[in-house]
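Position one of the sequence shown corresponds to residue 8 (our numbering), numbered consecutively onward.
Ideal Cβ positions, reconstructed from N, Cα and C, are used throughout, including at glycine.
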Amino acid sequence: MVQNLTASSETLSPYVIDSTGMFDISGCAVTLQSGESCEVTMVLNKDKQAITEKKNATIYLGDSLDTQFPISYTIASNNIEVPESGNKESGGSESGGSFGLFSLFALVGLTLRIRKRKT
Numbered sequence: 008m009v010q011n012l013t014a015s016s017e018t019l020s021p022y023v024i025d026s027t028g029m030f031d032i033s034g035c036a037v038t039l040q041s042g043e044s045c046e047v048t049m050v051l052n053k054d055k056q057a058i059t060e061k062k063n064a065t066i067y068l069g070d071s072l073d074t075q076f077p078i079s080y081t082i083a084s085n086n087i088e089v090p091e092s093g094n095k096e097s098g099g100s101e102s103g104g105s106f107g108l109f110s111l112f113a114l115v116g117l118t119l120r121i122r123k124r125k126t
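As structure tokens, then:
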């Protein structure tokens, strides 16, 4: 989520610089008025290629401040153990995952606002 926290309008045209071809970005190619927001979607590995090493890319918002976000995807371990399907001992579940990405885009909005104030 990207939000314009400045007093003026801001035209966005997001794009990604990616030497691997595994990152795709869409959405938010608009002019945001003050207080408006839009959603940027990034997809990693849409072709489901085997990932065996670290992948890097940079998302650019295409705004007047040249706002950019480095993205890194790292393989934590190649030794993955798959639990048996009948295993009931896990005791809990995990969810969340997208919170970090939303926090990142919230910080972008804040950065835009701070930079606009300084100019």
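According to DSSP, simplified to helix, strand and coil, what is residue i?
i	result
Thr-38	strand
Ala-113	helix
Leu-119	helix
Val-47	coil
Lys-61	coil
Asn-94	Annotation note: pLDDT 49 at Asn-94 (below 50); position unreliable, coordinate value reported separately. Asn-94 falls in the coil class under three-state DSSP.
Gln-10	strand
Ala-31	With the sequence shown as reference, residue 31 is identified as Asp, and Ala is not the correct amino acid for it. Note: Asp-31 maps to strand in three-state DSSP.
Using only alpha-carbon positions, find the residue among the options that is nearest to residue i.
i	options	result
Phe-112	Asp-25, Asn-52 and Ile-78	Ile-78
Asp-25	Glu-17, Met-49 and Cys-45	Met-49
Asp-73	Val-9, Leu-119 and Glu-60	Leu-119
Ala-64	Gln-56, Leu-117, Thr-81 and Met-8	Thr-81
Thr-59	Met-29, Met-8, Gly-116 and Leu-117	Met-29
Glu-43	Thr-13, Gln-75 and Lys-55	Thr-13
Quick one: what's got a C-beta closer than 7 Å to residue i's C-beta in the same chain, skipping five residues either side?
i	result
Leu-39	Asn-11, Ser-16, Glu-17, Leu-19 and Cys-45
Lys-53	Asp-31
Leu-51	Met-29, Phe-30 and Tyr-80
Val-37	Leu-19 and Cys-45
Residues in its own chain within less than 6 Å of residue i by CB, not counting five upstream and five downstream?
i	result
Pro-21	Ile-32, Cys-35, Val-47, Leu-68 and Gly-69
In chain order, what residues of the same chain lie with their CB nearer than 8 Å to the CB of residue i, ignoring the 5 residues before and after it?
i	result
Lys-61	Ser-79, Tyr-80, Thr-81 and Ile-82
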